[in-house]
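Here is the structure we will look at, set down as structure tokens.
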Amino acid sequence: MAGAAVTPDQERSVEYQRPSTTETSVGRASVIAGLALLLMTVLAVFANFVVLDGLVTRGDATGTATAILGAEGTFRLGIAALFAVAVLDLTVAWALYTVFKPVHAGVALLSGWFRAVFAGIFVVAISQLMSVPQLLGATGTGFTTEQQATQALLSIEAFYNIWDGALILVGLHLVLVGYLLYKSAAVQSYPSGYVPKVLGMLLILAGIGYVVDSFGRVLFAGYTFEVAAFTFVGEVLLILWLLIYGRRIRPDEDSVDDEPMSVTT
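full-length UniProt numbering numbers the first residue of the sequence shown as 1 and each following residue consecutively.
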């Protein structure tokens, strides 16, 4: 009936049924992070393994130049895919910060900055590749074809060197995200998402793999062993968790952002 008074019990019932803004934003951010990581993986596999590994023969400037000139469109498409990966890295940095801010805002912010700074450095690395088609197709420069091919290969090597160094930041990012996952397994508002502690440990291991590989290339000449090739499992499982379980997280809107949330006893 119009004008009927609403009892306190009814008011509390309506308030209880209305999803909180924090709850909605965290669930949405989890899906965004999962989709961004999934798309990033597809683009990175295409750009790195199909385009670069398919066209670049490290140590062979002439062979690399011939392959790139014969598939210049594909090479440029690979560069565009890498730029898209850098943009997605920024998206992931924001989304994961939103997801894990209720666990510990300070650590979540630091992890986000590590990934965001990596994205900026990665753009610098990719810019080294942009000069390759121009170097190989330039005329009237006074350089021989062999010299142009050598300069192009040096630009490609610069891309790899900058990228390899920047992966330290990705490793540190994953270590912190793994820590947040491990801690969130015991946070009062996270059981609905179910966070197995082993996932956090696997992510920490994946991050350590990147750090070890980056320092290995700096400290040892001819370092070829890829620890990250054996520790990537946590990254794959993170994508699945974000898309399947992370969207169900129900954080407490009244929790203090700067401190870890209360833990169940």
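Ideal Cβ positions, reconstructed from N, Cα and C, are used throughout, including at glycine.
Cα atoms of G234 and T145: separation of roughly 45 Å, rounded to the nearest angstrom.
An exposed status is given to L219, since fewer than 16 other beta-carbon atoms sit within 10 Å of its beta-carbon.
Restricted to the segment 105-155, not a single beta strand (DSSP E) segment is unbroken, complete and at least 3 residues in length. According to the DSSP assignment, G222 belongs to no alpha helix (DSSP H), since it is labelled neither H nor E. When the beta-carbon positions are compared, F122 and D89 come within less than 8 Å of each other.
By the criterion of a C-beta distance shorter than 8 Å, V107 is surrounded in its chain by F100, L176, Y179, L180, once the five residues flanking it on both sides are discounted. Residue nearest to A228 within the set G216, A71, W241 is G216 (criterion: CA-CA distance). F83: member of the alpha helix (DSSP H) spanning 72-100, first to last residue. L205 is not a Cβ neighbour of L238, given a cutoff of 8 Å. When DSSP states are grouped into helix, strand and coil, V26 belongs to the helix group. By the C-beta density criterion, Q134 is exposed, having fewer than 16 other C-beta atoms within 10 angstroms. Rounded to whole angstroms, the gap between the alpha carbons of V212 and A166 is 12 Å.
According to the DSSP assignment, V103 belongs to no alpha helix (DSSP H), since it is labelled neither H nor E.
The criterion of a C-beta distance shorter than 8 Å is not satisfied by A80 and F46.
Between L243 and V56, the CB-CB gap reaches or exceeds 8 Å.
From the listed residues E226, T91, D60, the smallest Cα separation to L37 is found for T91. For L238, the enclosing alpha helix (DSSP H) starts and ends at 233-244. Rounded to the nearest whole angstrom, the CA to CA distance from D60 to F232 is 30 Å. Burial check for G70: the Cβ neighbour count within 10 Å stays below 16, so the residue is exposed.
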